[in-house]
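**Q** Before I ask anything, here is the structure I am working with.
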Amino acid sequence: MVYADVDKYVPQESYVVKVLERHVEEAKHNLKGSPIVIAGGYGVGSKEGFDLLFNLAKELHGEVGASRAAVDAGWVDHDRQIGQTGVTVHPKVYIACGISGQIQHIAGMQDSGIIISVNTDPDAPINKIADYVITGR
Ligand SMILES: Cc1cc2nc3c(=O)[nH]c(=O)nc-3n(C[C@H](O)[C@H](O)[C@H](O)COP(=O)(O)OP(=O)(O)OC[C@H]3O[C@@H](n4cnc5c(N)ncnc54)[C@H](O)[C@@H]3O)c2cc1C
10 MVYADVDKYV PQESYVVKVL ERHVEEAKHN LKGSPIVIAG GYGVGSKEGF
60 DLLFNLAKEL HGEVGASRAA VDAGWVDHDR QIGQTGVTVH PKVYIACGIS
110 GQIQHIAGMQ DSGIIISVNT DPDAPINKIA DYVITGR
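Numbering (the working numbering), first residue to last: 10 to 146.
Structure follows, in structure tokens:
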């Protein structure tokens with residue numbers, strides 16, 4: 010085994026890190042900590058559809074989350090994606106609007122207290138884990 014005498018070759022100053030600028034950004038939302046999450050999926054249909062969810066979230070003092078399909082469609086910011094490759098939430102109430110309930114999405118919200126699903130398809134997979142199902146749009 011070779012123990013190189015690093016100090017002989019690398020001066021102490023080389024270990025110093027200089028902080029050039031400190032940039033603290035305020036959190037844009039409290040999705041992870043919110044007791045009420047209104048989540049929208051591809052079934053919401055548009056950015057304007059998400060505006061309705063934001064209005065509801067404001068009334069209920071909750072936060073808006075989304076499925077990856079809705080994020081990929083550009084209707085909502087990426088940092089609101091819930092699931093395997095997004096954030097994990099466990100609010101008291103989770104309202105899923107137009108979300109089918111694929112395993113990658115469920116992984117991020119299955120520990121929610123009460124799950125309410127709003128979906129046009131009565132057989133949507135998310136309905137299996139929902140406490141209340143509203144079949145409609
Ligand atoms: C590696 C990998 C990682 C992934 N990570 C994530 C992740 O972190 N999060 C995530 O969400 N997905 C993730 N996905 C994608 C996931 O597999 C699904 O494609 C995605 O969750 C589907 O989103 P959705 O339910 O919104 O869309 P869809 O599956 O298209 O479902 C839309 C739902 O809306 C309903 N609907 C349609 N019109 C209306 C209406 N007017 N009113 C009410 N309901 C309506 C439909 O019946 C349907 O159930 C990942 C996939 C992969 C492969």
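Beta carbons are placed, not taken as given, at the ideal position from N, Cα and C, and that holds for glycine.
Do the segment 31-40 and the segment 76-85 touch if we need at least three Cβ pairs shorter than 8 Å?
**A** With the cut-off at 8 Å, the segment 31-40 and the segment 76-85 do not touch.
**Q** In angstroms, rounded to a whole number, what distance separates the CA positions of D86 and Y12?
**A** The straight-line gap from Cα to Cα measures roughly 50 Å.
**Q** Got a list of residues with beta-carbon closer than 5 Å to any non-hydrogen atom of ligand 1, in chain order?
**A** Going by the Cβ distance cut-off, the answer is G50, Y51, G52, S76, R77, A78, G92, Q93, T94, G95, G107, I108, S109, Q111, Q113, H114, N128, T129, D130, A133 and R146.
**Q** How should R89 be labelled, buried or exposed, when 16 other C-beta atoms within 10 angstroms of its C-beta is the threshold for buried?
**A** With 16 or more Cβ atoms within 10 Å of its Cβ, R89 is classed as buried.
**Q** Using only alpha-carbon positions, find the residue among P134, Y103, I123 and Q113 that is nearest to G49.
**A** Closest by alpha carbon: Y103.
**Q** Distance check for I143 and F63, CA to CA, integer angstroms please.
**A** Cα to Cα, F63 sits roughly 19 Å from I143.
**Q** Along the alpha helix (DSSP H) that carries I115, what are the first and last residues, could you check?
**A** Unbroken alpha helix (DSSP H) run through I115: I112 to I115.
**Q** If you measure between the beta carbons of I45 and P134, is that distance less than 7 Å?
**A** Contact flag unset, no.
**Q** What three-state label does DSSP hand G122 in the structure shown?
**A** The answer is coil: DSSP assigns G122 none of H, G, I, E or B.
**Q** First and last residue of the alpha helix (DSSP H) that includes V15?
**A** Counting along the chain, the alpha helix (DSSP H) containing V15 begins and ends at V15 to Y18.
**Q** According to the Cβ coordinates, are G117 and G95 closer than 7 Å?
**A** Contact flag set, yes.
**Q** Runs of 3 residues minimum, wholly inside the segment 24-112: which ones carry the beta strand (DSSP E) assignment?
**A** Segments of the beta strand (DSSP E) lying fully in the segment 24-112: 45-49, 72-75 and 102-106.
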